[in-house]
Amino acid sequence: MNDAVPDRRIAPWHWTLPFIVAALTAPLWLGWYEPGVFRALNRAFMVLPDGFWALLSLFGTGWAIYAATAPALWRAPRIVLAWICAAPLAGVLTRVGKNLADNPRPLEVLGLEGIHVIGEPLFIAAMPSGHALTAFAGAAAIYFAMAPRQRLRWLWLFVLAFGVACSRIAVGAHWPADVSVGAAAGVLSGLTGAWLAGRIPERHLRPQAWLMRGVALLGLYSLYVLWTDEMGFAINLPWQYALGAFLAACLALFAARSLRTN
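Number 181 in my numbering belongs to position 181 of the sequence shown; there are no gaps in the numbering.
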């Protein structure tokens, strides 16, 4: 018996969303009005503290997304699988895009003068923004993995992803063009991940299933990264330690459930 989630969770028109995002942000990724738009946004975002933007950037990494969604390992495993299934395409689009575009970052073009930089200065491989792509991939994957009747209250995920995208401009790492392309590619990746996760039979979603045990093992590596890698922002280390502690507790709870025989 095929007990996968029905494909109606993703309607045909949903696949047009990445192209709608790309069309709406065309003035940005075409580079119109640059560097003026970047300078204006980078300066305007200074009204909020550096720690705020650094923390938002943290949620443009798969490690933080894993920690934040760790309770879903046993409560709603298809959600975790959706964004994990989105990750390979997101990674390919990021790497291929950076190699093909080979765009310099704002610091390489404009220099340090007049740019507010938070964290590690970055100079090369601008487009697309990997953080923006990851954030929108995670948001779209989780959102479309939900049953349609549950989605409305999860729209805030896209607000968070938008915040992550803005943070990449605020820290001086990316042009608006980079984050707009990342957003469109991220939505495509998330839709793909949700579609793939929806085809996984329910029997593989139990804590005792080897698929979920493998996903939990990935969490151990996420824990290692959160506790050992600054990821460009030393200011984020307390948050990373806290996320790591939360993740460790969730993995322990999952392990207890996974080892149960009934």
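Don't be surprised by glycine CBs; every beta carbon is placed ideally from N, CA and C.
Residue from 87, 76 and 43 with nearest C-alpha to residue 188: The residue given as residue 188 occupies position 188 in the sequence shown. Of the listed residues, the one whose Cα sits closest to residue 188 is 87.
Quick one: what's got a C-beta closer than 6 Å to residue 227's C-beta in the same chain, skipping five residues either side? Indexing the sequence shown from 1 puts residue 227 at position 227. The answer, listed in chain order, is 244.
Please report the straight-line C-alpha distance between residue 5 and residue 78, rounded to a whole angstrom. If you number the sequence shown from 1, residue 5 lands on position 5. If you number the sequence shown from 1, residue 78 lands on position 78. Because the pLDDT of residue 5 is 46, which lies under 50, any placement of that residue in the model is unreliable, and the question is left without a value.
Tell me whether the beta-carbon of residue 104 lies closer than 9 Å to the beta-carbon of residue 112. For the purposes of this step, residue 104 is identified with residue 104 of the sequence shown, where counting begins at 1. For the purposes of this step, residue 112 is identified with residue 112 of the sequence shown, where counting begins at 1. Contact flag unset, no.
Which residue marks the beginning of the alpha helix (DSSP H) containing residue 33, and which one marks its end? Along the sequence shown, read from residue 1 onward, the residue named residue 33 stands at position 33. Here residue 33 belongs to no alpha helix (DSSP H), and DSSP marks it neither H nor E.
For residue 181, does the count of other Cβ atoms within 10 angstroms reach 16, so buried, or fall short, so exposed? Your numbering for residue 181 matches position 181 in the sequence shown. Result: buried.
Apart from the five residues on each side of it in sequence, which residues of its chain come closer than 7 Å, Cβ to Cβ, to residue 205? As a working mapping, residue 205 is identified with position 205 in the sequence shown. Here the set comprises 77, 78 and 212.
Can a CB atom of chain D be found closer than 9 Å to the CB of residue 118? Looking for chain D here will not work: only one protein chain is present.
Cβ pair count under 8 Å reaching 3, the region 223-237 against the region 49-56: yes
So, for residue 46: in the same chain, excluding its five sequence neighbours on each side, which residues have a beta-carbon less than 8 Å away from its beta-carbon? Counting from one through the sequence shown, the residue named residue 46 turns up at place 46. Once the five neighbours on either side are set aside, the close Cβ partners of residue 46 are 116 and 170.
For the alpha helix (DSSP H) that contains residue 258, what are its first and last residues? As a position in the sequence shown, residue 258 is number 258, starting the count at 1. Unbroken alpha helix (DSSP H) run through residue 258: 237-258.
Could you check the C-alpha separation between residue 158 and residue 131 for me, to the nearest Å? Locating residue 158 in the sequence shown gives position 158, counting from the first residue. Locating residue 131 in the sequence shown gives position 131, counting from the first residue. Between residue 158 and residue 131, the C-alpha separation is close to 14 Å.
Do the region 86-102 and the region 18-33 make contact, defined as three or more Cβ pairs closer than 8 Å? Too few Cβ pairs lie closer than 8 Å, so no.
Under DSSP, the alpha helix (DSSP H) around residue 57 begins and ends at which residues? One-based indexing of the sequence shown puts residue 57 at position 57. Residues 50-58.
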